[in-house]
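Protein chains: 2
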Amino acid sequence: MFKIRSLVTALALAGSVSVASAWDALPTQADSPADNPTNAAKVELGQMLYHDPRLSSTGTVSCSSCHNTMLGGEDNRSVAMGVNGQTGGRSAPTVWNAAFNKVQFWDGRAASLEEQAGGPVTNPIEMGMKNWDEVVARLKSIEGYKPHFEQAFGKDLISKDTVTKAIAAYERTLITPDSPYDRYVAGDKSALTKQQVRGMEKVAELGCTGCHSGPAFNGPGMFQKFPAIPNGYFEAQYHFSKDKGLAEVSKNPADEHLWKVPTLRNIALTAPYFHNGSVKTLDKAVTLMAKLQLGKDLSKEEVADIVAFLDGLTGEFPKQKMPTLPGTPGSTFN
Amino acid sequence: MFKIRSLVTALALAGSVSVASAWDALPTQADSPADNPTNAAKVELGQMLYHDPRLSSTGTVSCSSCHNTMLGGEDNRSVAMGVNGQTGGRSAPTVWNAAFNKVQFWDGRAASLEEQAGGPVTNPIEMGMKNWDEVVARLKSIEGYKPHFEQAFGKDLISKDTVTKAIAAYERTLITPDSPYDRYVAGDKSALTKQQVRGMEKVAELGCTGCHSGPAFNGPGMFQKFPAIPNGYFEAQYHFSKDKGLAEVSKNPADEHLWKVPTLRNIALTAPYFHNGSVKTLDKAVTLMAKLQLGKDLSKEEVADIVAFLDGLTGEFPKQKMPTLPGTPGSTFN
Numbered sequence: 000m001f002k003i004r005s006l007v008t009a010l011a012l013a014g015s016v017s018v019a020s021a022w023d024a025l026p027t028q029a030d031s032p033a034d035n036p037t038n039a040a041k042v043e044l045g046q047m048l049y050h051d052p053r054l055s056s057t058g059t060v061s062c063s064s065c066h067n068t069m070l071g072g073e074d075n076r077s078v079a080m081g082v083n084g085q086t087g088g089r090s091a092p093t094v095w096n097a098a099f100n101k102v103q104f105w106d107g108r109a110a111s112l113e114e115q116a117g118g119p120v121t122n123p124i125e126m127g128m129k130n131w132d133e134v135v136a137r138l139k140s141i142e143g144y145k146p147h148f149e150q151a152f153g154k155d156l157i158s159k160d161t162v163t164k165a166i167a168a169y170e171r172t173l174i175t176p177d178s179p180y181d182r183y184v185a186g187d188k189s190a191l192t193k194q195q196v197r198g199m200e201k202v203a204e205l206g207c208t209g210c211h212s213g214p215a216f217n218g219p220g221m222f223q224k225f226p227a228i229p230n231g232y233f234e235a236q237y238h239f240s241k242d243k244g245l246a247e248v249s250k251n252p253a254d255e256h257l258w259k260v261p262t263l264r265n266i267a268l269t270a271p272y273f274h275n276g277s278v279k280t281l282d283k284a285v286t287l288m289a290k291l292q293l294g295k296d297l298s299k300e301e302v303a304d305i306v307a308f309l310d311g312l313t314g315e316f317p318k319q320k321m322p323t324l325p326g327t328p329g330s331t332f333n
Numbered sequence: 000m001f002k003i004r005s006l007v008t009a010l011a012l013a014g015s016v017s018v019a020s021a022w023d024a025l026p027t028q029a030d031s032p033a034d035n036p037t038n039a040a041k042v043e044l045g046q047m048l049y050h051d052p053r054l055s056s057t058g059t060v061s062c063s064s065c066h067n068t069m070l071g072g073e074d075n076r077s078v079a080m081g082v083n084g085q086t087g088g089r090s091a092p093t094v095w096n097a098a099f100n101k102v103q104f105w106d107g108r109a110a111s112l113e114e115q116a117g118g119p120v121t122n123p124i125e126m127g128m129k130n131w132d133e134v135v136a137r138l139k140s141i142e143g144y145k146p147h148f149e150q151a152f153g154k155d156l157i158s159k160d161t162v163t164k165a166i167a168a169y170e171r172t173l174i175t176p177d178s179p180y181d182r183y184v185a186g187d188k189s190a191l192t193k194q195q196v197r198g199m200e201k202v203a204e205l206g207c208t209g210c211h212s213g214p215a216f217n218g219p220g221m222f223q224k225f226p227a228i229p230n231g232y233f234e235a236q237y238h239f240s241k242d243k244g245l246a247e248v249s250k251n252p253a254d255e256h257l258w259k260v261p262t263l264r265n266i267a268l269t270a271p272y273f274h275n276g277s278v279k280t281l282d283k284a285v286t287l288m289a290k291l292q293l294g295k296d297l298s299k300e301e302v303a304d305i306v307a308f309l310d311g312l313t314g315e316f317p318k319q320k321m322p323t324l325p326g327t328p329g330s331t332f333n
């Protein structure tokens, strides 16, 4: 992994990555891993757990609180707010199409949706549970969950493993196909406006697609350095480099300021932008990316064209039923 | 209103209120007021607004955060948690069947669902918006709301009036019929167990139904004094009298410790209990109510029978679709 990453980074820094792939439409289904095949009962249970605030210490924060499935899959905040009003240093990434991320979290420290789902629940400033034993004990106290776990996992007990597998199975269904862009690449040439097509061509011409390629615009590499080109003027305004990205976890200086390449899908809905949510508008985000990653100054028209194209990446949200969560029986947890 | 209330209180205190009504099933529809007739577009918009955390200063608290429509209509917390992790002194009442409350809030200070909906949004420890001008400006900035308001209200603008009317219209659909009790009174004598029928008879015999009568078990009076019978031992444990109820608003000593008679519907799902959420279990709540309101000591068996009956008041939650909220367009609010 580290070898591939370094190679991609080096190529991108040298400005030599070509637009590898054709324009791809978003798949309507995501593959599930061999040890967690998707089934309907698992998805249904996962949807319940994803929306259950009782997975947090205060009973007020569910996965959906920060990765809101009624909105653009996140919270439109610069940094997320967890239990007791606490905030961290990073902006919540969207859950929509997270199934197509090669790694999860801004710093890519989780290799799968299952691994990711195991994180926030016990993070003291996110969902604040002491440990997974406490999570499992609480879920076991909610009797109505038992048949759902049995249907999803057979005889397997309620555990960190089954909880995170169910949540991941649900998240694999959170796909937003049929954006104007998808309809365009499927052959409907009227699906994008002329301005959007100009923006699409500009994105390729500038080299944005060197990193933001593939159907979710988040490949081919997993990681990228940001900012790639140091810029004191913008650093003073946005403090992008304060957070060392992957190096905060790996403690490896080579990983400093490496970040997961985020999807561009539904990006019009997920302001504010960047890992620290410091940029409020999409036109500013585009301007900064061109400058800090590609060393290019865009004209106002070019920015407008690219933003118009990015608007065309907003897909259709799947229609979901609202889950009914099993009741807390006759007692409370706080 | 005050005259009726005083009369009911006096009668209840004298222990002379008889069980006025027959056992009533829950209506499946709630009447709407003349100035806010329910229509489908209004309900759909109301559902969106009810679940939209952007109605709070932090973008993290929606109506559903404390009155959770995926659970028992509240948050299973002793006191609700609003923006920035702040807590107040009262437990969130359930939204299920709130349409059948004669007055709203624990202290009954709102005469309608519309009036209630106008409160928490600008309460500094609940949803924390500065004022309704700010709420309206924010909703106007979310372009996708406009067609929904037009469909619901014709040419009327986005305003406190239309927002609260839409939310109230949605809340009038949050009815939970078909509980075992409802099926029993409709003629299915197998719907309640023998123990539950014993509990039902006990509830009438003790006089609980003097206040908790009618289909939602929240009538005939609007207000009741609690605790009706002072008890230093329990006061030291549960601090029921610290909060003066309606008098906190009216500043009238005659209103001290007057509370809305809360519904018993779905009470098995809404622990912890009482206005300050100080009692964790339903059997303790039943024991305390008998002692503090009726001056009676119940046996363990009587408590178990009544709790079994109350379990029979858990109804069927309507199947809802998950709303898709219009996106925050290209900028953020915090």
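Which chain is which? The protein sequence lines are B and Y, in order.
Take 0 as the starting number for the first sequence in numbering that gives the first Met the number 0 and just add one per residue.
Take 0 as the starting number for the second sequence in numbering that gives the first Met the number 0 and just add one per residue.
Built from N, CA and C at the ideal position, the CB exists for glycine as well.
Note that the coordinates shown come from a computational prediction; the quantities given were computed from them, not determined experimentally.
Met126 (chain B) versus chain Y: which residues are under 7 Å apart at the beta carbon?
Within chain Y, no residue comes near Met126 (chain B); the closest Cβ sits about 13 Å away, beyond 7 Å.
What residues of chain B sit near Ala91 (chain Y), judged by a beta carbon separation below 9 Å?
Near Ala91 (chain Y) there are no residues of chain B at all, since even the closest Cβ is about 11 Å away, more than 9 Å.
Run of the beta strand (DSSP E) containing Phe222 (chain B), from where it starts to where it stops:
From DSSP, the beta strand (DSSP E) with Phe222 (chain B) extends over 222-224.
Is Phe233 (chain Y) close to the ligand FMN? I mean its beta-carbon at under 8 Å from any heavy atom of the ligand.
The model on display carries no ligand, and the ligand FMN is accordingly not part of it.
Alpha carbon to alpha carbon, how far is Pro226 (chain Y) from Asp254 (chain Y)? Give it in angstroms, no decimals.
Each residue's Cα considered, the two are about 13 Å apart.
When DSSP labels each residue in this structure, what does Lys154 (chain Y) get in the three-state scheme?
Lys154 (chain Y): coil per DSSP, three-state reduction.
Please tell me whether Pro123 (chain Y) has its Cβ less than 9 Å away from any Cβ of chain B.
Answer no: the Cβ-Cβ gap between Pro123 (chain Y) and chain B never drops below 9 Å.
Any contact between the stretch 239-253 of chain Y and the stretch 59-77 of chain Y? By contact I mean 3 or more CB pairs, one from each, below 8 Å.
Note that the stretch 239-253 of chain Y does not touch the stretch 59-77 of chain Y; fewer than 3 beta-carbon pairs, one per stretch, sit closer than 8 Å.
Expected contact under 8 Å - CB spacing of Ala165 (chain B) and Ala151 (chain B) to nearest Å:
The pair is a contact, with the Cβ atoms about 6 Å apart (cut-off 8 Å).
Own chain partners of Lys320 (chain Y) with C-beta closer than 8 Å, once the 5 adjacent residues on each side are dropped:
For Lys320 (chain Y), same chain residues with a beta-carbon under 8 Å away, outside a window of 5 residues either side, do not exist.
Just verifying my parser: in three-state terms, what is the DSSP assignment at Leu324 (chain Y)?
Correct three-state label for Leu324 (chain Y): coil.
Distance cutoff 9 Å, beta carbons only. Does Ala40 (chain B) sit that close to anything in chain Y?
It does not; no Cβ of chain Y falls within 9 Å.
List the residues of chain B that Thr27 (chain Y) touches, going by C-beta distances under 9 Å, in chain order.
Near Thr27 (chain Y) there are no residues of chain B at all, since even the closest Cβ is about 18 Å away, more than 9 Å.
Does chain B have any CB closer than 9 Å to the CB of Asn100 (chain Y)?
No, no contact with chain B.
Per-residue DSSP class, three states only, for Ser240 (chain B)
In the structure shown, Ser240 (chain B) sits in a helix (DSSP, three-state: H, G or I).
is_contact[Gly87 (chain B), chain Y] using C-beta, thresh 9 Å
Cβ-Cβ to chain Y under 9 Å: no for Gly87 (chain B).
Checking the sheet assignment: what are the DSSP bridge partners for Tyr180 (chain B)?
In the DSSP output, where bridge partners are listed per residue, Tyr180 (chain B) has none listed.
First and last residue of the alpha helix (DSSP H) that includes Trp131 (chain Y)?
Following the DSSP letters along the chain, one finds Trp131 (chain Y) inside the alpha helix (DSSP H) bounded by residues 131-140.
At 4 residues or longer, and completely inside the stretch 87-137 of chain Y: list those alpha helix (DSSP H) runs for me, N to C.
Qualifying alpha helix (DSSP H) stretches, in chain order: 112-116.
Since Asp177 (chain Y) meets chain B, which of its residues come closer than 7 Å, beta carbon to beta carbon?
Simply none; closest approach about 14 Å.
According to the neighbour-count rule (16 or more other Cβ atoms, all chains shown, within 10 Å of its Cβ), is Ser20 (chain B) buried or exposed?
Any reading at Ser20 (chain B) must be qualified, since the residue scores a pLDDT of 48, below 50, and its modelled position is unreliable; the value itself is stated next. When all chains shown are included, Ser20 (chain B) counts as exposed.
Under a CB-based cut-off of 9 Å, is Gly84 (chain Y) close to chain B?
With respect to chain B, the C-beta atom of Gly84 (chain Y) has a partner C-beta closer than 9 Å.
For Lys41 (chain B), which three-state DSSP category applies?
In the structure shown, Lys41 (chain B) sits in a helix (DSSP, three-state: H, G or I).
So, does the stretch 187-203 of chain Y touch the stretch 294-307 of chain Y, judging by three or more C-beta pairs under 8 Å?
Yes, the stretch 187-203 of chain Y is in contact with the stretch 294-307 of chain Y.
Extent of the continuous beta strand (DSSP E) to which Lys250 (chain B) belongs
Lys250 (chain B) -> no beta strand (DSSP E), and no H or E assigned at all.
Distance CB(Val102 (chain Y))-CB(Phe273 (chain Y)) smaller than 9 Å
Taking 9 Å as the Cβ cut-off, Val102 (chain Y) and Phe273 (chain Y) do not qualify as a contacting pair.
Just to check my reading of the structure: Leu291 (chain B) and Leu205 (chain B) have Cβ atoms closer than 8 Å, yes? What is that Cβ distance to the nearest angstrom?
Contact doesn't hold; Cβ gap of about 13 Å is too wide.
According to DSSP, is Ser20 (chain Y) helix, strand or coil?
For Ser20 (chain Y), the predicted structure reports a pLDDT of 48, less than 50, and the residue's modelled location is therefore unreliable. The matter cannot be settled from this model.
List the residues of chain Y that Phe316 (chain B) touches, going by C-beta distances under 7 Å, in chain order.
Within chain Y, the residues whose beta carbon sits less than 7 Å from that of Phe316 (chain B) are Thr323, listed in sequence order.
If you drop the 5 nearest sequence neighbours on each side, which residues of the same chain put their C-beta closer than 8 Å to that of Thr57 (chain B)?
Result list for Thr57 (chain B): Val82, Asn83, Gly127, Asn333, in chain order.
Using a Cβ cut-off of 7 Å, pull out every chain B residue sitting near Met69 (chain Y), in sequence order please.
The answer, in chain order, is His50, Met321, Pro322, Thr323, Leu324.
Tell me which residues share the same chain as Phe1 (chain Y) and place their Cβ nearer than 7 Å to its Cβ, disregarding the 5 neighbours each side in the sequence.
Because the pLDDT at Phe1 (chain Y) is just 36, under 50, the model does not fix this residue reliably, and the point stays unresolved.
Taking 9 Å as the cut-off, decide whether the C-beta atoms of Asp177 (chain B) and Glu315 (chain B) are in contact.
A contact, by the Cβ cut-off of 9 Å.
Look up Val278 (chain B) in the DSSP assignment and say whether it is helix, strand or coil.
Three-state result, Val278 (chain B): strand.
When DSSP labels each residue in this structure, what does Lys283 (chain Y) get in the three-state scheme?
In the structure shown, Lys283 (chain Y) sits in a helix (DSSP, three-state: H, G or I).
Among Y:Leu191, Y:Val162, Y:Gly107, which has the Cα closest to the Cα of Pro35 (chain Y)?
The sequence given here has Asn at residue 35 (chain Y), not Pro. For Asn35 (chain Y), the closest of Y:Leu191, Y:Val162, Y:Gly107 by C-alpha to C-alpha distance is Y:Val162.
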